[in-house]
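Protein sequences, first through last, are from chains F and C. Okay, so the first sequence: first residue is 1 according to UniProt numbering, each after it adds one. Okay, so the second sequence: first residue is 1 according to UniProt numbering, each after it adds one. Heads up, the beta-carbon is just placed ideally off N, CA and C, and yes, glycines get one too.
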Amino acid sequence: MAEQINTLPYKANLDVYSETLQRLAETDPNIIAVTSDSRGSGKLVPFGKKYPDQIVEVGIAEQNLVGVAAGLASCGKKVFATSPACFLTARALEQIKNDVAYSNNPVNVIGISAGVSYGALGSTHHSLHDYAALRAINNITVVAPADNWETEQAIELAARTQEPVYLRFGKKPMPSLKEVNEEAFAFGKGRIITEGDDVLIIGCGETVYPALEAARLLKEEGIAATVVSMHTIKPLDTELLAEKARASKAVLTVEEHSVYGGLGEACAGYLLQKGISKPFKIMGIPDEYTVTGSQGEILGHYGISRDGIATTAKELLRSK
Amino acid sequence: MTTKELQQKSIEYRKKILQYIVKAKAGHTGGSLSCTDILNVLYNEIMNVSPANFESPDRDRYIQSKGHTVEALFVVLADKGFFAEDELNTLCQYQSHYIGHPTRKVNGVEQNTGALGHGLPIAVGTALAGKLDKKDYKVYTLMGDGEMPEGSNWEAALTGAHYKLDNLCAIVDKNSLQITAPTADVCNTDPLDEKWKAFGWAVREVDGNDIEALKLTLKEIPFEEGKPSVIIAHTTKGKGVSYMENVLKWHHGVPSADEYEQAIKELDEALLAI
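Here's what the structure looks like:
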């Protein structure tokens with residue numbers, strides 16, 4: 001599996017978001033980016049320069065951002081409402097619920113610098129609740145692409161879809177998970193990165209790559225892992241989840257989110273109701289305000305790293 | 001339509017609002033009666049919107065931010081032929097599409113609303129799309145004075161002025177009462193005109209229960225080129241029913257059989273007096 005990892009230069013998913021949006025806007029004047037003084041952090045400065053009529057600035061006003069986006073979308077615009085995930089999905093939660101999801105205005109809600117991307121800026125700037133909050137809202141797809149390919153695919157798909165979508169991006173450059181992708185990308189369909197019979201490791205967003213690195217480490221110790229990029233947290237690919245969980249001795253989920261209400265609880269809830277019982281562990285941020293540090297340091301502190309994931313997987317296998 | 005015909009229509013609307021609220025045993029009576037004349041003039045004199053053109057991108061849009069007074073909207077939409085009026089017999093009943101707030105399940109409703117402070121931001125986005133597409137449609141949103149403290153309104157007010165949305169009109173139904181107490185006692189937002197002016201809007205004040213005044217005012221939109229317009233419409237909560245007018249409990253009070261009879265009698269008398 002190690003040889004599958006792309007060695008080509010890679011970018012932050014945010015950069016791919018910006019580049020993809022520019023490319024789409026070249027031929028589609030209906031593509032509109034709405035930002036809340038966040039074109040810099042959203043990497044949308046070049047987009048704004050190239051397409052000044054296709055960027056709407058509302059200032060630091062997230063509730064208004066989403067409402068305005070809903071109004072634009074209701075008139076046929078393909079709107080990408082972009083703002084730091086922490087504010088967007090908390091401060092404007094009611095607008096996402098009512099103006100976007102309930103009214104079925106096909107806004108693409110783009111949460112940037114998500115998870116603990118803002119690192120030492122602290123818990124006000126961390127978004128560890130967004131999966132939980134948005135999972136409980138009807139009629140919105142929740143997506144956290146892992147690598148550049150998934151990001152590009154997700155943006156292209158979001159621009160075409162007529163339903164509300166939440167997309168979450170971090171700031172860190174993300175290595176490609178595969179050199180060649182032969183499968184089609186679809187919301188709600190997980191992506192198998194590597195396969196093995198011992199342990200199933202399910203990640204989303206930026207936790208998939210360390211999960212893959214952990215799988216490489218485990219392989220050296222004779223433990224075979226399946227790694228899945230569950231880029232769509234809602235709707236969950238329950239078919240893939242059930243199949244791979246049945247075939248594994250243990251299941252581990254890894255997310256840059258609170259352990260409450262995110263990918264792990266979504267998987268656990270489904271498996272339990274299906275009667276698929278395996279040793280199961282949710283790796284995420286515990287119920288506390290995070291330690292100070294960079295994104296890597298914070299994630300490492302909570303074991304969300306190559307070594308931490310590998311160690312947890314071994315512990316889980318021993319516990320069965 | 002003549003002013004007299006519109007006045008008659010308002011009274012018919014009020015009778016129907018009460019009829020369906022009594023049938024549903026639920027509804028926001030006082031506010032529906034205060035905004036009836038505004039909706040009447042908008043739909044019958046001002047807006048280019050009908051069942052025939054509702055799918056057209058060129059239609060005018062109406063977004064009811066004060067969603068709780070949906071009974072007034074439903075009665076007017078039924079009158080305009082968006083759906084058969086007798087469907088309102090199911091208002092608020094099990095599995096009805098006619099719930100206690102605007103929903104797009106009902107033909108003619110532009111946006112799902114109900115939570116306060118949402119209408120203006122959506123209206124701003126809708127008006128902005130009109131400008132981007134170089135279309136001539138106008139966007140109207142009806143807000144309650146009780147929802148003025150919601151911060152999202154003022155965020156949207158800034159954006160509306162920033163983008164010079166003179167195709168946008170906000171109407172504040174200033175009936176001066178909200179669920180707890182007089183609006184001035186709950187959170188005083190006066191002087192409201194000065195606030196809107198300071199946010200860059202062109203402001204007019206009008207008697208919101210005066211059909212002729214509403215007609216003249218709404219026909220002058222935009223009040224200033226390059227500025228969004230706001231009409232502060234001074235209205236009477238519970239308008240048209242003596243025991244309801246300016247009485248707090250009728251915010252969402254439902255008339256008893258006797259009270260209903262009395263209300264209809266008064267409205268019929270008013271109809272004869274026009």
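Whole-angstrom distance between Val247/C and Tyr260/C, CA atom to CA atom: Within the second sequence, residue 260/C is the residue found at index 260, counting from 1. Within the second sequence, residue 247/C is the residue found at index 247, counting from 1. Looking at the backbone, the Cα of Tyr260/C and that of Val247/C are separated by about 16 Å.
Within 8 Å, strictly: CB atoms of Thr235/C and Asp173/C: For the purposes of this step, residue 235/C is identified with residue 235 of the second sequence, where counting begins at 1. For the purposes of this step, residue 173/C is identified with residue 173 of the second sequence, where counting begins at 1. It is a contact, given that the beta carbons lie within the stated cut-off.
Under 8 Å between C-beta atoms of Ala273/C and Val241/C: On the second sequence, position 273 is the one that residue 273/C refers to. On the second sequence, position 241 is the one that residue 241/C refers to. Not in contact: Ala273/C and Val241/C (Cβ atoms no closer than 8 Å).
Other residues of its chain near Glu3/F: CB distance less than 7 Å, five sequence neighbours each side excluded: Stepping through the first sequence from its first residue, residue 3/F is reached at position 3. Low local confidence applies: a pLDDT of 45 at Glu3/F is under 50, so the model's placement there is unreliable, and no value is given.
At least 3 beta-carbon pairs within less than 8 Å: the region 49-63 of chain C vs the region 117-137 of chain C: At 8 Å Cβ cutoff, the stretches touch.
Cβ neighbours of Trp201/C in the same chain (closer than 8 Å, five flanking residues each side left out): Numbered from 1 along the second sequence, position 201 holds the residue referred to as residue 201/C. So the list reads Ala157, Gly160, Ala161, Ala170, Lys227, Pro228, Ser229, Val230, once near-sequence residues are dropped.
Val142/F - partner residues in DSSP beta bridges: Stepping through the first sequence from its first residue, residue 142/F is reached at position 142. Under DSSP, the beta-bridge partners assigned to Val142/F are Tyr166/F, Lys234/F.
Test: Gln262/C CB closer than 8 Å to a CB of chain F: As a working mapping, residue 262/C is identified with position 262 in the second sequence. Chain F contact via Cβ: absent.
Neighbouring residues, chain C, relative to Glu94/F (Cβ below 7 Å): The residue you call residue 94/F lines up with position 94 of the first sequence. What Glu94/F touches in chain C: Ala115.
For Leu77/C and Gly108/C, the rounded distance between their alpha carbons: Taking the first residue of the second sequence as position 1, residue 108/C is located at position 108. Taking the first residue of the second sequence as position 1, residue 77/C is located at position 77. The C-alpha of Gly108/C lies about 7 Å from the C-alpha of Leu77/C.
Spatial neighbours of Met1/F in its chain, beta-carbon cut-off 6 Å, leaving aside the 5 residues before and after: As a position in the first sequence, residue 1/F is number 1, starting the count at 1. Low confidence applies to Met1/F: its pLDDT is 42, below 50, so where it sits in the model is not reliable enough to give any reading.
Selection of the region 54-75 of chain C by Cβ proximity to chain F, strictly under 9 Å: Hits within the stretch, in order: Pro57, Arg61, Ile63.
Segments of 4+ residues assigned as alpha helix (DSSP H) that fall wholly inside the region 263-297 of chain F: Taking only runs of at least 4 residues, the alpha helix (DSSP H) segments lying wholly in the region 263-297 of chain F are 263-274.
Check whether Ile202/F and Leu317/F have beta carbons under 8 Å apart: Taking the first sequence and counting its residues from 1, one reaches residue 202/F at position 202. Taking the first sequence and counting its residues from 1, one reaches residue 317/F at position 317. No.
Short Cβ contact (8 Å threshold) for Thr126/C with Gly71/F: If you number the second sequence from 1, residue 126/C lands on position 126. If you number the first sequence from 1, residue 71/F lands on position 71. Result yes, Cβ atoms of Thr126/C and Gly71/F sit closer than 8 Å.
Proximity below 8 Å, CB of Tyr209/F to CB of Ala146/F: Stepping through the first sequence from its first residue, residue 209/F is reached at position 209. Stepping through the first sequence from its first residue, residue 146/F is reached at position 146. Result yes, Cβ atoms of Tyr209/F and Ala146/F sit closer than 8 Å.
Sufficient close CB pairs (3 or more, under 8 Å) joining the region 275-293 of chain F to the region 133-149 of chain F: No, the region 275-293 of chain F is not in contact with the region 133-149 of chain F.
Proximity to Ile304/F [Cα-Cα], best of Tyr289/F, Met283/F, Val291/F: In the first sequence, counting from the first residue as 1, residue 304/F sits at position 304. Measuring from the Cα of Ile304/F, the nearest candidate turns out to be Met283/F.
Under the three-state DSSP convention, the category Glu256/F falls into: As a working note, residue 256/F is residue 256 in the first sequence. Here Glu256/F sits in strand by DSSP.
Ile10/C vs Asn53/C beta-carbon contact at 8 Å: Position 10 of the second sequence holds residue 10/C. Position 53 of the second sequence holds residue 53/C. Position check: residue 10/C holds Ser in this sequence, whereas Ile was assumed. No, they are not a contact pair.
Proximity test, Cβ basis, 8 Å: His97/C and chain F: Translated into the one-based positions of the second sequence, residue 97/C becomes position 97. Answer no: the Cβ-Cβ gap between His97/C and chain F never drops below 8 Å.
DSSP-derived helix/strand/coil call for Asp210/C: On the second sequence, residue 210/C is found 210 positions in, with the first residue counted as 1. Asp210/C: coil per DSSP, three-state reduction.
Members of the region 152-175 of chain C near chain F, C-beta cut-off 7 Å: Flagged, chain order: Ser152, Glu155, Ala156, Leu158, Thr159.
Residues that Ser74/F contacts on chain C, provided the C-beta gap is smaller than 8 Å: Taking the first residue of the first sequence as position 1, residue 74/F is located at position 74. Contacts between Ser74/F and chain C, judged by CB atoms closer than 8 Å, involve Glu110, Gln111, Ile122, Gly125, Thr126, Ala129 in chain order.
Gly114/C to Asp287/F span [Cα, whole Å]: For the purposes of this step, residue 114/C is taken as residue 114 along the second sequence, with counting starting at 1. For the purposes of this step, residue 287/F is taken as residue 287 along the first sequence, with counting starting at 1. Spanning the two alpha carbons is a distance of roughly 33 Å.
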